[in-house]
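Residue numbers (my numbering): -2 to 371. For every residue, glycine included, the Cβ atom is placed at its ideal position computed from N, Cα and C. Quick caveat: nothing in here was measured; it's all calculated off a predicted structure. Below is one structure, written out as structure tokens; the observations come after it.
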Ligand code: ZN
């Protein structure tokens, strides 16, 4: 049974939108993960409150919820609940924590506490994608990435917030049916930082910030995997005042290689050889992530044979060795034959050398499989 959204926020069903917002703000501060590091229960409450606010702050969703309860959001197109991630939640905060530093968004809420109970604003994280070739992944690469990020404008000055006298907190005493209650919450004039802007350059925004474009060098270690995310600390948006800059999150994308297929740290290569090459033996040039290499194919090679080139795969991201390159031999059977060729093969059809004898192969099928994964 899902908990009632009103109960989660601790409000009555006839709460005004201002009261809903206020109640959520209080819960969000109380259960904020920065304030409760490693506390799974607090995180759960934080998410529940966000979900409740998501519904109750939207007049349409609220009306549906009031009429049908949680069932209103089950099924297609509904708000399935429990599905909010931290990012969604933090993106609400521009709206919720709009004080002197709010409005423009760009902050992911608070991070930690400074001296005297002040909160330091935290700049939001930036996300970018980097597309890498298999060769770059195998060898590691340094990428120069252009990033648009908010930075504090030079010359911005701050003064102590007069509403909270720089403490970042305001204490309120309210009369409830349970008696007088003292609650303290972040000052909504300074957003809890204890400071407000004194002066700023004309080109800066209301928070004393400037949008800048910067080229950031990102070292990508060998062995990264598609979908992996690297963090460059402090290279996200900066925050006003004595705030902490967010991080730059670099999502790795792997480009499709024309001839090599990756499977973990191993690589696969499909080699096609002719009928004659299989019978007579040959040597072939193949692609590897460190350039082309020539490999020898023994005479009498069977289609399906796998040749293992040790350590020619992708280095392990943990630094323990490298994968292998597995070359799959495919014998190409001609699709059309001339009259003479047909006669030749007909003549050979019953030749003992042309009759398959898989059991005379030096290794059994199971030994071959065992070999592949050893
Ligand atoms: Zn204040």
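The continuous beta strand (DSSP E) containing residue 323 extends over residues 322 to 329. Shown here, residue 63 sits in a helix according to DSSP, grouped into three states.
In the three-state DSSP reduction, residue 125 falls in the strand class (E or B).
With fewer than 16 other beta carbons inside 10 angstroms of its own, residue 223 counts as exposed.
Considering only 54, 329, 183 and 320, the residue with the shortest C-alpha distance to residue 298 is 329. Secondary structure at residue 119: strand, using DSSP grouped into helix, strand and coil. Taken through DSSP and simplified to helix, strand or coil, residue 8 comes out as coil. Counting every other CB atom within 10 Å of its CB across the protein chains shown gives residue 7 a total below 16, marking it as exposed. Contact between residue 204 and residue 237 holds: CB atoms are separated by about 5 Å, below the 8 Å threshold. Beta-bridge analysis with DSSP links residue 167 to 182.
Here the distance from the Cβ of residue 160 to the nearest heavy atom of the ligand ZN is below 8 Å.
With respect to the 9 Å criterion, residue 212 and residue 146 are not classified as neighbours on the basis of their beta carbons. At least one heavy atom of the ligand ZN falls within 8 Å of the beta-carbon of residue 193. Not one heavy atom of the ligand ZN falls within 8 Å of the beta-carbon of residue 229. The beta carbon of residue 219 sits closer than 8 Å to those of 134, 135, 136, 137, 311, 312 and 314, all from its chain and outside the five residues before and after it, given in chain order.
Note that the C-beta distance between residue 266 and residue 294 is not below 9 Å. Proximity of the beta carbon of residue 238 to the ligand ZN is not indicated: no heavy atom of the ligand is located closer than 8 Å. Residue 196 is positioned such that its CB atom lies closer than 9 Å to that of residue 153. Annotation: the continuous beta strand (DSSP E) that includes residue 263 extends over 263 to 271.
Under the DSSP definition of a beta bridge, residue 155 partners with 194. Counting along the chain, residue 32 sits inside no beta strand (DSSP E), nor does DSSP assign it H or E at all. Placement of the Cβ of residue 165 at a distance of less than 8 Å from at least one heavy atom of the ligand ZN is found. Note: residue 214 is bridge-paired with 141 in the DSSP secondary-structure output. Taking C-beta separations shorter than 7 Å and ignoring five residues to either side along the sequence, the partners of residue 132 in its chain run 286, following chain order.
Counting the other CB atoms within 10 Å of its CB gives residue 192 a total of 16 or more, which places it among the buried residues.
Beta-bridge partners of residue 290 (DSSP): 283. For residue 22, the closest C-alpha among the options 189, 59 and 178 is that of 189. Membership of residue 337 in the alpha helix (DSSP H) is indicated by the continuous run 336 to 345.
By the Cβ rule, the segment 258 to 265 does not count as touching the segment 241 to 250, because fewer than three pairs are nearer than 8 Å. Following the DSSP letters along the chain, one finds residue 49 inside the alpha helix (DSSP H) bounded by residues 37 to 53. DSSP links residue 206 through a beta bridge to 149. Taken through DSSP and simplified to helix, strand or coil, residue 57 comes out as helix.
Each residue's CA atom was taken as its position, placing residue 279 and residue 326 some 12 Å apart. Within the same chain, and ignoring the five residues on either side of residue 9 in sequence, the residues whose Cβ sits closer than 8 Å to its Cβ are 3. Inclusion of residue 142 and residue 230 in the CB contact set at 9 Å is not warranted, their separation being larger than that value. Distances from the CB of residue 189 to the heavy atoms of the ligand ZN include at least one below 8 Å.
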